[in-house]
Amino acid sequence: MWRQYLLSLLLIPAGAAWCLADDAAQPQQFQHQITGLFAQERVQDLRELFKTLPQFKLVDVDFETAEATIAYDPAKAFPNAKANQVVEQFDNLLRNASKHTFGVKPLCTLDSARLKLVEIQVIGLDCKGCCLGAYDAIYRLKGVEYATASFKVGKVTARIDPEKIDRTELETALKQRGVQLQAAE
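766 is the number of the first residue of the sequence shown in the working numbering; add one for each residue after it.
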């Protein structure tokens, strides 16, 4: 009986500490805007990518806003990173893991009502690579909050802050990348 009592004293604190450590280690959920999510098919590509990143769990993806909810522990995933460095380091990690086809950036802070949708008809986007090139030409431009490129419908779209960028600048960037625009009817 004495041994059982002593054993219970030793095991209870260890068990309690294990439970506390387990609770503390639960990953937090964060929302990030995903770059490279230019077509609906890319959602599955993103899911496959996250299967190769065991310290991260892709919880949800909203294609319409290119936002994803991701569960992870920033302290474990990015040791020694300051809070303002986590998004940058996560972006680098995703870029490297996806051969520079996916990344993250901070969420859009503008009210969605303030954003303007621009649709540009294009010719010649006949594969994912072509679409990625067209997407890449515009999504990094200042004032572009979200973009898509689809060879299936021959269209590039962007949600923009009209105070920072306009349709003409988007068209110029696409032309510089070699994307052929469809003539207006």
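Ideal Cβ placement from N, Cα and C applies to all residues, glycine included.
By the C-beta density criterion, Q850 is exposed, having fewer than 16 other C-beta atoms within 10 angstroms. Considering only P819, L802 and R860, the residue with the shortest C-alpha distance to S915 is L802. Taking every protein chain shown into account, the CB of G943 has fewer than 16 other CB atoms within 10 angstroms, so this residue is exposed.
Ranked by Cα distance from K841, the options E853, Q793 and L814 are led by Q793.
By the 16-neighbour rule on beta-carbons within 10 angstroms, C892 is exposed.
Rounded to the nearest whole angstrom, the CA to CA distance from R879 to A949 is 26 Å.
In the DSSP annotation of this structure, K917 is not part of any alpha helix (DSSP H), being labelled neither H nor E. Cβ-Cβ separation between I930 and L906: approximately 6 Å, consistent with a contact (criterion under 8 Å).
According to the DSSP secondary-structure assignment, Y837 is paired through a beta bridge with Q793. With 16 or more neighbouring CB atoms inside 10 Å of its own CB, Q798 falls in the buried class. Here A848 is exposed: its Cβ has fewer than 16 other Cβ atoms, across all protein chains shown, within 10 Å. If you ignore the 5 residues before and after D838, its C-beta comes within less than 6 Å of the C-beta of P792, all in its own chain and listed in chain order.
Nearest to A923 by C-alpha distance, out of L823, A831 and K822, is A831.
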